[in-house]
Structure formats: structure tokens, C-alpha cells
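Data block below; observations after.
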Amino acid sequence: MITITYRRNKCIGCNYCTEIAPQRWQMSKKDGKSNLIGSKDKKGFWTIKVPNDELDMNERAAASCPVKVIEVRV
Ligand code: SF4
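And the structure:
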């Protein structure tokens with residue numbers, strides 16, 4: 051399993067992560083920020099554990115994020 055952590059309040063809504071990893075990221079119609087699908091909020095750090103086969107796309111999503119609010123840990 052890998053862990054994805056996301057500081058959602060810093061998201062600028064650029065849409066890159068949702069284009070790269072649409073299975074795990076989706077833009078919110080409410081506030082224009084991205085949602086990390088299935089994650090839980092821990093004091094502003096949205097976190098989820100996902101299977102290893104999601105590593106590549108989420109690492110690419112993290113690398114593409116202009117404000118670097120996505121962290122992927124193996
Ligand atoms: S790439 Fe970063 S800033 Fe852009 S929508 Fe995703 S989390 Fe937000």
C-alpha cells in the first residue's frame with residue numbers, strides 16, 4: 051500500500067491531478083478545488099492508503115501539482 055496526503059486548502063484548482071489520475075482525483079463543483087477520492091480529513095491533511103498499482107499515476111499527479119500539495123509515500 052502507498053499513502054497519499056493532500057493539503058486541500060492550498061489547492062489552486064488547476065485541474066492537472068484530475069487529468070493525470072482521474073480514478074483518484076476529481077474537481078469539486080462546490081469550491082473548484084480537487085478532491086482526493088476516498089480520503090479522510092486529518093486537520094487539513096486529506097489522507098488515504100491505496101494499492102501499489104496507483105503509485106505511478108499519483109506520483110505523476112504530485113509532480114505536476116504547481117503548488118506541491120500532494121505527497122505520495124511508499
Ligand atoms: S494539481 Fe495541485 S493545485 Fe492543481 S488541482 Fe490538483 S491538487 Fe489542486
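Numbering (the working numbering), first residue to last: 51 to 124. By construction, the Cβ of each residue, glycine as well, lies at the ideal position given by its N, Cα and C atoms.
If you compare the alpha carbons of 91, 106, 104 with that of residue 57, the shortest gap goes to 91.
Taking 7 Å as the cut-off, the C-beta of residue 89 does not count as close to any heavy atom of the ligand SF4. Residues of the same chain with a CB within less than 7 Å of the CB of residue 83, apart from the 5 flanking positions on each side, are 58, 61, 63 in chain order.
Between the beta-carbon of residue 51 and that of residue 93 there is about 22 Å, and that puts the pair past the 8 Å contact cut. The ligand SF4 approaches residue 84 closely enough that one of its heavy atoms is under 7 Å from the residue's Cβ.
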